[in-house]
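Contents: one structure, followed by commentary.
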Amino acid sequence: TDMGISQYMSAVFGIVKNVSASAVAGRSAAIAYTCNLTPIAMCGDPNGTVEDAWGYRLPGYDPNVDMDPSLVHELKVGDQNNTDMGPVNFQLLDFGQATGNSGAALVRDALSGAYNGCASIGDTVTTKPGNSAGPVAQGLNVRLNDFSGPIKNDGTVLPDKYVREPDVLAETDAEYAGDLYYANYRQELSSCESGGACDGSSYTGDGGL
């Protein structure tokens with residue numbers, strides 16, 4: 050997409066989370082709600098701003114061109130002791146409380162892009178307890194053109210346009226040593242789209258978003 054990385058961050062605290070205006074992504078003014086939410090929360094610096102992504106972005110850092118391993122963060126933890134969100138929480142959110150359509154299946158759908166529920170600024174969202182490792186992996190894998198889970202590859206839910214993965218995967222409590230940053234993604238996708246040199250096997254073209 051053409052959204053800046055800071056637009057993906059929101060300041061979220063406690064067990065019942067307030068939806069911050071910072072979670073809104075788009076170009077319009079005075080937006081009252083946002084849709085197509087990703088069901089993952091990260092606790093940020095309450096004294097931060099959208100410009101520094103609530104403490105997650107260094108001053109002057111431009112994710113479109115800069116690459117700093119210290120700014121690669123674990124979004125979904127595998128150990129409940131590695132989050133401040135409370136017992137049995139793994140930084141997942143549950144957007145289906147109002148409709149009764151909640152749980153790991155909804156998390157999987159939302160992570161794949163198959164869920165387009167909305168939240169208004171000032172609403173509250175509830176954490177989704179439990180690790181849900183399988184559904185989380187299945188949902189994210191769809192974005193990487195891997196439909197090995199229950200979501201069907203029938204054109205309803207599409208992968209990203211460019212799905213190359215790093216040669217070295219990120220590890221918890223270790224500095225990122227991989228070769229793929231957001232800046233690389235943008236540059237390589239642009240090269241593929243313009244017919245330049247790129248990893249053609251990772252480019253889904255019109256089959257992507």
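Going by the numbering used here, the first residue of the sequence shown is number 50, and it counts up by one from there.
From the three backbone atoms N, C-alpha and C, an ideal C-beta is built for every residue, glycine too.
Any beta carbon from chain C within less than 7 Å of tryptophan 103's own beta carbon? Among the protein chains of the structure shown there is no chain C, as only one such chain exists.
Run of the alpha helix (DSSP H) containing aspartate 158, from where it starts to where it stops: 153 to 161
According to DSSP, residues forming a beta bridge with isoleucine 89: Leu141
Residue range of the unbroken alpha helix (DSSP H) whose run includes cysteine 247: Segment: none, cysteine 247 is in no alpha helix (DSSP H) and carries neither H nor E.
Using only alpha-carbon positions, find the residue among Val217, Asn180 and Thr221 that is nearest to glutamine 129. Asn180
Between cysteine 247 and tyrosine 231, what straight-line distance do the alpha-carbon atoms span, to the nearest angstrom? 15 Å
Taking the Cβ atom as the reference point for each residue, do arginine 157 and glycine 109 lie within a distance shorter than 7 Å? no
Are the Cβ atoms of lysine 177 and aspartate 133 separated by less than 7 Å? no
Tell me the DSSP secondary structure of valine 191 in three-state form. helix
Within 10 angstroms of its Cβ, does valine 174 collect 16 or more other Cβ (buried), or is it exposed? buried
For threonine 221, the nearest candidate out of Ala102, Pro95 and Val121 (CA to CA): Val121
If you count every other CB in all the chains shown that lies within 10 Å of the CB of glycine 244, and 16 or more means buried, which is it? exposed
Short Cβ contact (7 Å threshold) for arginine 213 with serine 251: yes
Spatial neighbours of isoleucine 89 within its chain, please: CB distance less than 6 Å, with the 5 preceding and 5 following residues excluded, ordered by chain position. Leu124, Lys125 and Gln140
Could you check where the beta strand (DSSP E) with alanine 7 kicks off and where it finishes? The displayed coordinates of the chain run from 50 to 258. Any statement about residue 7 would go beyond what the structure contains.
Is it buried or exposed for valine 191, if we count other Cβ within 10 angstroms and need 16 for buried? buried
Is DSSP giving valine 206 helix, strand or coil here? coil
What residue does the beta strand (DSSP E) around lysine 177 start on, and which one ends it? 173 to 178
Beta-carbon proximity of proline 118 to glutamate 224, cut-off 7 Å: yes
Give the secondary structure of tyrosine 82 by DSSP, where H, G and I count as helix, E and B as strand, and everything else as coil. strand
Among Tyr82, Pro215 and Phe196, whose alpha-carbon lies nearest the alpha-carbon of alanine 226? Pro215
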